[in-house]
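> Protein chains in written order, with this note's numbering: chain A, 1 to 260; chain B, 1001 to 1581; chain C, 2001 to 2351.
For glycine and all other residues, C-beta sits at the position ideal for the given N, C-alpha and C.
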Amino acid sequence: MSLLEVTGLTKRFGGLTAVDSVDFHVDQGEIVGVIGPNGAGKTTLFNIVTGFYDPDEGEMRFDEKSLLGLKPNQVTKLGIARTFQAIRLFPAMTVLENAMVGQHCRTRAGLLGAVFRGPRTRAEERQIEERARDALGFFGNRLIPNADELASSLSYADRRRLEIARAMSTGAKLLLLDEPAAGMNPSEKEGLVKLIGRLRDERNYAVVLIEHDMPVVKNVSDRVVALDYGKKIADGTYSEVASNERVIEAYLGARHEESA
Amino acid sequence: MDKKKISLPRLALKFGLIAGVVIVYCAVVGMTERFTGRTIVNEVISLGDFLFVAFVLVAGYSVAKPRALPGDLVPDRARPPAVAYGALAGVIAGLVTALFLVVANSVNLRLVLVSVTQSLIDKMSYGGSVRSALVFMTVGGALLGAIGASLWLLRERARNTLIIAFVTTILFSLGEPLLRPILTTLLLKVRLTTTWLFFGGGLSRVGAVVVFVTTALIYYFWKQRGGEFRGRVQELPERQRKGIRIGAVVLLIAFLLYLPNLLTSFLAEVLGTVGLYIILGLGLNIVIGYAGLLDLGYVAFLAVGSYTTAILISTRHPFELEWSYWMSIPVTILVAIVIGIMIGAPVLRLRGDYLAIVTLGFGEIARIIVISDWARPVLGGAQGILGIRAPAIGDLEIRDPEKLYYAILICVLLVAFISIRLAASRVGRAWNAMREDEQVAEAMGISIIGYKLLAFATGAALGSISGIFFAIKLGSVFSNSFNIIVSINVLALIILGGMGSIPGVIAGAFVLVGLPDLLREFADFRLLIYGAILVALMLFKPEGLIPSKRRKRELHERESEEEQYEDRAGGGGTEPVITTS
Amino acid sequence: MRFALPERLSLQKIIQLVLGLLLAVIVLVSSMKTINTGNFSGSQWRNLVVSGIALGSMYALIAMGYTLVYGILFIINFAHGEVFMAGGYTAFFVARAFSDSGFLADNPIISLIVVFAVGMLVSMMIAITLERVAYRRLRGAPRLVPLITAVGASLFLQNTFRGLYGAQVRAYPEVEVLSGTVSIFGMPVGKLSLLTILLAAALMFTLFTFITKTKTGRAMRAVGEDKEIASLMGIDVDRTIVRTFAIGGLLAGAAGVLWGLIFQVGFFMGFFPGIKAFTAAVLGGIGNVVGAGLGGLTLGVLESVAPNLLLTGWDVPSPNQLTDVIAFTVLVFVLIFKPGGILGSDEAEKV
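(1) I'd like to know whether the C-beta of Ala1430 (chain B) is nearer than 8 Å to at least one C-beta of chain A.
(2) Using alpha carbons as the reference points, say which of A:Arg223, A:Gly79, A:Ala151 and A:Lys11 lies closest to Met93 (chain A).
(3) Report the option in A:Val217, A:Thr170, A:Ile80 and A:Asp23 whose CA atom is closest to the CA atom of Glu190 (chain A).
(4) Closest by CA to Ser1017 (chain B), which one among B:Ala1093, B:Leu1051 and B:Leu1217?
(5) Establish whether the CB of Gly1030 (chain B) and some CB of chain C are separated by less than 8 Å.
(6) Candidates C:Leu2199, C:Leu2164, C:Val2316 and C:Met2125: which alpha carbon is nearest Leu2112 (chain C)'s?
(7) Using 8 Å as the threshold, is the C-beta distance between Gly1030 (chain B) and Val1056 (chain B) below it?
(8) Show which residues of chain B have a CB atom less than 9 Å away from the CB atom of Ile2076 (chain C).
(9) In terms of residue numbering, what span does the alpha helix (DSSP H) encompassing Ala123 (chain A) cover?
(10) Is it right to say Asn1285 (chain B) is buried, meaning 16 or more other beta carbons lie within 10 angstroms of its own, or is it exposed?
(11) Who are the neighbours of Val49 (chain A) on chain B, taking C-beta pairs under 8 Å?
(12) For Asp178 (chain A), count neighbouring C-beta atoms within 10 Å of its own C-beta (all shown protein chains included) and say buried if the count is 16 or more, exposed if not.
(13) Which term fits Gln1439 (chain B), buried or exposed, when burial requires 16 or more other beta carbons within 10 angstroms of its beta carbon?
(14) Can you check whether the CB of Ile2075 (chain C) is closer than 8 Å to the CB of Leu2147 (chain C)?
(15) Could you tell me the distance, in whole angstroms, from the CA atom of Arg2137 (chain C) to the CA atom of Ile87 (chain A)?
(16) Please classify Thr94 (chain A): does DSSP put it in a helix, a strand, or coil?
(17) Mapping DSSP to helix, strand and coil, what is Leu1386 (chain B)?
(18) Figure out for me which residue from B:Ala1423, B:Val1412, B:Ser1476 and B:Glu1397 has the closest Cα to the Cα of Ile1388 (chain B).
(19) Please state if the CB of Glu59 (chain A) and the CB of Thr7 (chain A) are separated by a distance shorter than 8 Å.
(20) Nearest chain A C-beta to Glu1442 (chain B) closer than 8 Å, yes or no?
(21) State the start and end residues of the unbroken alpha helix (DSSP H) segment that holds Gly2190 (chain C).
(22) Is it buried or exposed, Arg194 (chain A), if we count other Cβ atoms within 10 angstroms and call 16 or more buried?
(23) Listed from N- to C-terminal order along the chain, which residues in the region 105-124 of chain A have their beta-carbon within a distance smaller than 9 Å of any beta-carbon of chain B?
(24) Of all the CB atoms in chain B, is at least one closer than 8 Å to the CB of Gln2321 (chain C)?
(25) Between the region 1306-1315 of chain B and the region 1327-1334 of chain B, do at least 3 Cβ pairs fall closer than 8 Å?
(26) In its own chain, which residues sit with a C-beta less than 6 Å from the C-beta of Ala1507 (chain B), not counting the 5 before and 5 after it?
(27) Please name the residue or residues paired with Ile1393 (chain B) in a DSSP beta bridge.
(28) Using the three-state DSSP reduction, which class does Met1327 (chain B) fall into: helix, strand or coil?
(29) Can you name the residues of chain A whose CB is closer than 8 Å to the CB of Ile1465 (chain B)?
(30) Which residues in chain A have a C-beta closer than 9 Å to the C-beta of Glu1238 (chain B)? List them in chain order.
(31) Let me see if you follow: with CB-CB separation under 8 Å, is Lys77 (chain A) close to chain B or not?
(32) Within 10 angstroms of its Cβ, does Arg203 (chain A) collect 16 or more other Cβ (buried), or is it exposed?
(33) Work out the CA separation of Leu2022 (chain C) and Gln2168 (chain C) for me, nearest whole Å.
(34) Taking Leu1144 (chain B) and Ala1098 (chain B) to be in contact with their CB atoms under 8 Å, please state how far apart those CB atoms are, rounded to whole angstroms.
(35) Report yes if the C-beta distance between Lys11 (chain A) and Pro55 (chain A) is below 8 Å; otherwise report no.
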C-alpha cells in the first residue's frame, strides 16, 4: 500500500484546468521527482495535497486516511510537511524557534500551560527544544551554531536547510519540497542531492520534490513523474521519462535531442 | 545623491528654514504662548522661549554634523568652518521668526489664526518693539546656531556629556511636579530642603547649574566604568546573570511599593492611571504585538469591563443587583471574553487594514450605543451609571488613591507576568508565526481561527480588568470616557514604547499618559504631539523606544530583504500560494 | 474525516445567505411598522431622500479620494478626512471676509467660485504635503506602518487646525442665491442641495473622463497595476502619485466647502465623514472610482432615510442618535461579507 495515493485529482480555476485527472503515488522511503514546464500544475498539486485548495474531483489518501476536506494544519498533523518555492521562514523568529514551531501540531500546551508552567508543560518544552535541535543537527554544523540567530540572518542555502529542518520537525513521514535547488550553485546542488538521499536513508522519509534542474532530479530520484498542462504525461525512472517523447515535446515543443 | 550637492550652505539653508517654520508653527498653533507660562529656569528661560532655543540649537547641530566624504570616511569631528554655517542656519531661523513677528504685528492675523494674539507678539518680542526683536532673534539665532554647531568640534565623549547634561537638566525641570515631592521627602530625612533647587515651578538658577554640572560629571566619569561593568556582567555565567536581573526587578518592585510614601495623593492617582493604561497596553500588545491583529477599537473592552461592573455592583442602577466584587469580577471578565470572541469571529479572515477599520467601527458602535437614549434603561445613556462603591477586603476599603495604587500595581505585575510567560511559550510562538506568515503557520499545524480568537479573548479579558479598575477609581461610569481617543492612546503608547516589548509598553504608558498629567501645558496639545510622534516614529524608528530585539530587525530587515522575500503584510495578508508551476 | 460539502454550498455561503435573508426580513418588517405609524408624510420622505442624495454626493467626492489613493498605493489614507476639513475650514474665512465686506451679496457667483477655489486648493496642498512628508518614504513598508502613520497624520492635522483656527464650530455666512427651493418635477428641492448634487456630479464626471481618457489617468491606472513596470514604461511614478493625491485633495476640498455651506465647519469635522466616505469607497469596491460614487450616494441615502425608516416603528427613542451606528454596521458587514464591494471583485482575502 502506498504512503500517498492520489487518484483522478482535478482542480479548475474558472476556465483553467490546473490539475487534470492526475494519478500519482508515493511509497514509503521513496524519492519521487516531479517535473514539467512552468504552469504544468506542479505546485498546485502540492497545494491540493497539503489542504490549501480543495480539489474539484478525485481522491487522495495518505496512510490509508482520506485527505479530502482537511485543512492544512490537519494535513500536517497526519504527517505531510512541505517547503515553498520562495523560502517562507518566519524571519523574525530565531533559527531554533522556527524549528520549534514545526512541532506545534504534536504538542499541546495552551494558555494555562503557558502561564503556570507546570511540570507537564516544562517537560513538553524541553522535548520540543530537544527535537528541534535534533532536526537542526541533521544538517551538521550549519544550523546549530546559529540556533539563536534570527532566521533572516542566515545565508540563502542555510535558509533552505532551515526550511527543510522545520518541515522535518513536524514529525512528518512525507516531505514535499518545492524547488529546493532553486538559486543554488553546482556544489550546493550536490550537497542538496546528498542531503535528500540522507533524508531517506537515515530518517526514512518519503520525499517528493518539484524541480527544474534535471541533473538534480536524475541523481536523487527513485522515480520521476512528469506533468504538462495539468496532466500526468509520464511516470517511471529518470531515463524512461527523459526519453519519453511527450516529455521532450512538452519542454522543447518539437522533436529534438534532449541536451540534459 | 550627488555628494557635491551636500554642501554646507545648502544644509544651513535647509535646516534654518525648517527650524524657522517649526518655530512659527508652534507660535501659530498656540504652543508658544501656552508654554511661556512654564518656567524652565527661574527668571532665565521659559518653556516657550525654549522652543526657539531648542530648534535653533538642533538646526545648528544638524548642519555641522559630519557627513560621509567622497573618500567614504565619516569623520567624528567637524572643522571650524562648520560653526559659521551653523550660525547661518540660526540666522535664517531667526529671520523667519522675525518675519513672522513683523507680519503678525502689521496685519491682524487674529481674525483667522486665533493664537496670534497681541500677548503672543509681546512675549515673543520680549516686551521690546518688533524691530528690536528682529535684531535679537537674528543675533540670538546666530549664537545658538553656532553653539549647536560647535558641539561637533569636541570629541565624542565631551560632546555627548554636554548634550546629555543639557537634556537632563531640561527634563529635570519639566519633571518638577513629580521630582519635587519625592526629593523633598527624601532630603527631609537628612535635614535638607529643596527650596534651593526648585523655584517658581521649575529649576532655580542655582539648581539648574547644579543639575547640569552634576549630570555632566557623573556621565563623563562613569560612562567608561559603566561600559566595563556591563562587559563584565555579560561574561558571567547565565545563572548569575539571571540572578542579577531578578535582583534588579525585585529592587524595582520594592521601590514601587514604597513609592506612595514619597508622593502626594495627586501623584499616586496619576500613577494609578498610568497603571491602568499599562494594563490596557499589555492587553492590546497581545492582540497587535503578539498576534498581529490590528485592533483600533480596543476601547470597547474597557467599556465592557466598566459597564458590566457598574451594572452588577452599582447601588443606583435600576437592576439593583448589587453583587459583591468577588462575584462580579469573574463574571465581568467572562462577559468580556465572550464579547471578544463575538467580535473576533467575523473578522478572522480580514486583512490588516480592513481589520483595523472594522474594529474601529466596532469601537464606535460601542460608544454610540453606550451614549444612546435607546440603551439608557440599562447603560445609563449620556449620564452613565453612578454609585459604584469601593471594593473592600474585610474592613479595608479601597477607595483612596494610595490604596488603589497598590491594587493596580499588583494587577500590573500580574498582567506583566502573564505577558512574559505567554511570549516565551508555545502559544507565543504560535502567535508570532501566525503574525509573520499566516499560511505557513497554518501549515505548521497552528489553527489560525483558534489562535486569533484566543488573542481577542485574552485582549478582551485584560482590557476589561482595566475597565473594572476604571469604574472603581471614578466611582461611576461616564459614557463619553469611551471614545476612539482612548483606543488611539493605547495604540500610540505601545508603538512609542515598542510593540511586542513589555518594558516598552510600560515606558510608553509613562511617557504618553503620565507626562501629560504632569505637564499641564502639554495637555492642550497632547493629541497634536501624539500625532507628530506617531508619524515621526513610523518614519524614523518604527520599532519604538525599547523594542524587542526581534522587532527591530523585523522592521529594518524587511526593507532590505525585499528581493528575497515577497513583501508580506503583518497580520493576514499574504502572497497567494498559487504560483505558476 | 470532515464533512465535505459540495463546492457551491460552502459553510461561508450558507451563513451569508441566512444573514442576508434575516437582514432583508428585518428591514421589511421595520419599514412596514414605521409606515404604519403614519408619522411621516410623503413629502417628508422625499425631503429625506433628497438630502440623502446631497449628503451622499459629498461622501462620494471624499470617497473618490480614498479609492484613488488606495488603487495606486494600497494604503488607506486615514488622514483624508482631514484633507476634506482643511479646505472647508479655510475657505470659511474667505467666505466670511466676503460676507463682511458686502462682496458676497453683490457678487455671489464670483465669491462662491473664489471660495470653492480656495477650499479646493488648500485641500490639494495638504494632500500633497501628506504624501511628500508622511507616505513617500514608507512605500515598501509592512502595511501596519503606513496605517499608523496615517492615523498619526490625522491626529496631527486635526489638532493643528484646532490650534490655528480655534476649537469652536463655525457656520458659513448665508448665501442669498443659495437659499430657498427650486421646483424640480413639481417637487421643491433646496437650492443648496441641488448645487451639491450637480457640482458633485460634474466633478465626478470630470474625474471619470480624466482617468479613462487622459494620459495621466492612464498612468495612474498603470502605476496602480504595477509600479515597477509602469516606471519601465517611462511613467514618472512619483509625479503620478502626487497627482493622484492632488486630485483627491481637490475633490475633498469641494466637498468640504459644500459641507460648510450645508452644515458647519470645525476642526473635528473630518473624522466621521472620513470614515463614512471610506465605508462608501469599500461599499462600491475599493479602487473603483465609479463604485466610490455609487457607494457614496447609497450611503448618504441610507443614512438619511434608514434611522427613521427602520427604528421609528420599534419606538426607539431618538433614532437619529443611532445614525452613525447604521453607517458603521454597513461598514462592518460589507468588509466582512463582501470586501470587494458592489462593483469590485470578490477578493475576500482567504487563500
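Once the coordinates are examined:
(1) Looking up residue 1430 (chain B) in the second sequence gives position 430. Closer than 8 Å to some Cβ of chain A, the Cβ of Ala1430 (chain B) qualifies, so yes.
(2) For the purposes of this step, residue 93 (chain A) is taken as the residue at position 93 of the first sequence. The shortest C-alpha to C-alpha distance from Met93 (chain A) to any of A:Arg223, A:Gly79, A:Ala151 and A:Lys11 is the one to A:Ala151.
(3) Taking the first residue of the first sequence as 1, we reach residue 190 (chain A) at position 190. It is A:Val217 whose Cα lies nearest to the Cα of Glu190 (chain A).
(4) Walking along the second sequence from the start, residue 1017 (chain B) turns up at place 17. One detail in the question is off: residue 1017 (chain B) reads as Leu in this sequence, not Ser. Here the closest residue by C-alpha is B:Ala1093.
(5) For the purposes of this step, residue 1030 (chain B) is identified with residue 30 of the second sequence, where counting begins at 1. Yes, Gly1030 (chain B) counts as interfacial toward chain C.
(6) Within the third sequence, numbered from 1, the residue matching residue 2112 (chain C) stands at position 112. Measuring from the Cα of Leu2112 (chain C), the nearest candidate turns out to be C:Leu2199.
(7) The residue given as residue 1030 (chain B) occupies position 30 in the second sequence. The residue given as residue 1056 (chain B) occupies position 56 in the second sequence. In terms of Cβ geometry, Gly1030 (chain B) and Val1056 (chain B) do not form a close pair [threshold 8 Å].
(8) Along the third sequence, one-based indexing puts residue 2076 (chain C) at 76. The contacting residues are Asp1353, Tyr1354, Ala1356 and Ile1357.
(9) Here residue 123 (chain A) refers to the residue found at position 123 of the first sequence. Where Ala123 (chain A) is concerned, the enclosing alpha helix (DSSP H) starts and stops at Pro119 to Gly137.
(10) What you label residue 1285 (chain B) is simply residue 285 of the second sequence in a count that begins at 1. Around the beta carbon of Asn1285 (chain B), a 10 Å sphere encloses 16 or more other beta carbons of the protein chains shown; the residue is thus reported as buried.
(11) One-based indexing of the first sequence puts residue 49 (chain A) at position 49. Within chain B, no residue comes near Val49 (chain A); the closest Cβ sits about 12 Å away, beyond 8 Å.
(12) Position 178 of the first sequence holds residue 178 (chain A). The residue is buried, with at least 16 neighbouring Cβ atoms inside 10 Å.
(13) Locating residue 1439 (chain B) in the second sequence gives position 439, counting from the first residue. Here Gln1439 (chain B) is buried. Its C-beta has 16 or more other C-beta atoms within 10 Å.
(14) Taking the first residue of the third sequence as 1, we reach residue 2147 (chain C) at position 147. Taking the first residue of the third sequence as 1, we reach residue 2075 (chain C) at position 75. In this structure, Ile2075 (chain C) lies closer than 8 Å to Leu2147 (chain C) by Cβ.
(15) Residue numbering aside, residue 2137 (chain C) sits at position 137 when the third sequence is read from its first letter. Residue numbering aside, residue 87 (chain A) sits at position 87 when the first sequence is read from its first letter. A straight line joining the alpha-carbon of Arg2137 (chain C) with that of Ile87 (chain A) spans about 27 Å.
(16) Here the question's residue 94 (chain A) lines up with position 94 in the first sequence. In the three-state scheme derived from DSSP, where H, G and I count as helix and E and B as strand, Thr94 (chain A) is classed as strand.
(17) Locating residue 1386 (chain B) in the second sequence gives position 386, counting from the first residue. DSSP places Leu1386 (chain B) outside both helix and strand once states are collapsed to three, so it counts as coil.
(18) As a first step, residue 1388 (chain B) is located in the second sequence; it is residue number 388 there, counting from the start. Looking only at B:Ala1423, B:Val1412, B:Ser1476 and B:Glu1397, the smallest Cα-Cα distance to Ile1388 (chain B) is reached by B:Ser1476.
(19) Reading the first sequence from its first residue, position 7 is the one you call residue 7 (chain A). Reading the first sequence from its first residue, position 59 is the one you call residue 59 (chain A). Contact: yes.
(20) As a position in the second sequence, residue 1442 (chain B) is number 442, starting the count at 1. Chain A, which has a Cβ nearer than 8 Å to the Cβ of Glu1442 (chain B), makes this yes.
(21) Against the third sequence, residue 2190 (chain C) aligns to sequence position 190. From DSSP, Gly2190 (chain C) is part of no alpha helix (DSSP H) but of the beta strand (DSSP E) over Met2187 to Gly2190.
(22) Taking the first residue of the first sequence as position 1, residue 194 (chain A) is located at position 194. Just to set this straight, residue 194 (chain A) is Lys in the shown sequence, not Arg. It is exposed - the Cβ of Lys194 (chain A) has fewer than 16 other Cβ atoms within 10 Å.
(23) Here the close residues are Cys105, Arg106, Thr107, Arg108, Ala109, Gly110, Leu111, Gly113, Ala114, Val115, Phe116, Arg117, Thr121 and Glu124.
(24) Taking the first residue of the third sequence as position 1, residue 2321 (chain C) is located at position 321. Yes, because at least one Cβ of chain B sits closer than 8 Å to the Cβ of Gln2321 (chain C).
(25) Output reads yes: the region 1327-1334 of chain B touches the region 1306-1315 of chain B.
(26) For this step, residue 1507 (chain B) is matched to residue 507 along the second sequence. Excluding sequence neighbours, Ala1507 (chain B) sits near Gly1497, Leu1545 and Ile1546.
(27) Here residue 1393 (chain B) is taken as the residue at index 393 of the second sequence, counted from 1. Its beta-bridge partners are B:Leu1396.
(28) If you number the second sequence from 1, residue 1327 (chain B) lands on position 327. In this structure, Met1327 (chain B) counts as helix in the three-state DSSP scheme.
(29) Stepping through the second sequence from its first residue, residue 1465 (chain B) is reached at position 465. Taking the beta carbon of Ile1465 (chain B) as reference, no residue of chain A falls within 8 Å; the closest one sits roughly 14 Å away.
(30) On the second sequence, residue 1238 (chain B) is found 238 positions in, with the first residue counted as 1. What Glu1238 (chain B) touches in chain A: nothing, since even the nearest Cβ is about 12 Å away.
(31) As a working mapping, residue 77 (chain A) is identified with position 77 in the first sequence. Yes - at least one Cβ of chain B is within 8 Å of the one on Lys77 (chain A).
(32) Here residue 203 (chain A) refers to the residue found at position 203 when the first sequence is read from its first residue. Answer is exposed; the Cβ neighbour count stays below 16.
(33) The residue labelled residue 2168 (chain C) in the question sits at position 168 within the third sequence. The residue labelled residue 2022 (chain C) in the question sits at position 22 within the third sequence. Cα-Cα distance, rounded: 43 Å.
(34) Indexing the second sequence from 1 puts residue 1144 (chain B) at position 144. Indexing the second sequence from 1 puts residue 1098 (chain B) at position 98. The pair is not a contact, with the Cβ atoms about 14 Å apart (cut-off 8 Å).
(35) If you number the first sequence from 1, residue 11 (chain A) lands on position 11. If you number the first sequence from 1, residue 55 (chain A) lands on position 55. Contact annotation: Lys11 (chain A) and Pro55 (chain A) have beta-carbon atoms nearer than 8 Å.
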